[in-house]
Each structure stands twice: as C-alpha cells, then as structure tokens.
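A short worksheet on the structure shown next.
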Amino acid sequence: MVETAWNLNLSPKLLEIKYDEDKSFFFLENDFIRRTDITSIRDSLNGYQKGKYFYSFQYISVVSGSFNLCQVAPFIPHLNKSVRNHFRANINDV
326 MVETAWNLNL
336 SPKLLEIKYD
346 EDKSFFFLEN
356 DFIRRTDITS
366 IRDSLNGYQK
376 GKYFYSFQYI
386 SVVSGSFNLC
396 QVAPFIPHLN
406 KSVRNHFRAN
416 INDV
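Sequential numbering from 326 applies to the sequence shown in my numbering.
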C-alpha cells in the first residue's frame, strides 16, 4: 500500500484504502482518483507479513478452507467514520 502512495506522490497517511468484499480487492476512491483496484487483499497482506501473523508469528494461509486461513485483526467499525468525519480522520490508517 505504501508503494501506491509513493507512486502517487502522496503521504501514505493520506490514502484511504477501501475494500470490495465481492471482488476481494483493495481500492482507492476519492475526488482526484477514480476507483482503481490495487491488489488482492489476501496476497497483499500475506506478502507484507511474510506469511505469518503479526503478533504470534504463526504461519497463515491464503487458500480457502486451509486450517491456518488468514483472519481479520481487530478493527474500528466504519460506523465510527461518520462520527469522526469532522476531524477528517482516516480510520483505515495503519
């Protein structure tokens, strides 16, 4: 994700990455960029974490049905986004 920001000459903190559940893709969408697929969510996160969970360092899989299929870490619900919108907060920031 940070490489996408660099390619756009933006600070990574300015990108608001969204996720399309139907296509399993991350994408950008804002006033100056039309919706653009970035990469497959599982492969992207798996490569970033070198195939291991961040906290436990156990191996994870990106193959559906696998015993060690990747899980979603704790998150801030998008419901909170509307509450924090007046701060222009990016709740997707990592």
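Where is the CB? At the ideal position from N, CA and C, for every residue including glycine.
Supposed close pair residue i, residue j - CB separation, criterion 8 Å
{"i": "S386", "j": "C395", "result": "7 Å"}
{"i": "I342", "j": "F351", "result": "5 Å"}
Bridge partner(s) assigned by DSSP for residue i
{"i": "K343", "result": "F352"}
{"i": "Y380", "result": "Partner(s): none; Y380 has no beta bridge."}
{"i": "T391", "result": "Just to set this straight, residue 391 is Ser in the shown sequence, not Thr. BP columns for S391 are empty, so no partner."}
C-beta contact flag for residue i and residue j at 8 Å
{"i": "Y380", "j": "N393", "result": "no"}
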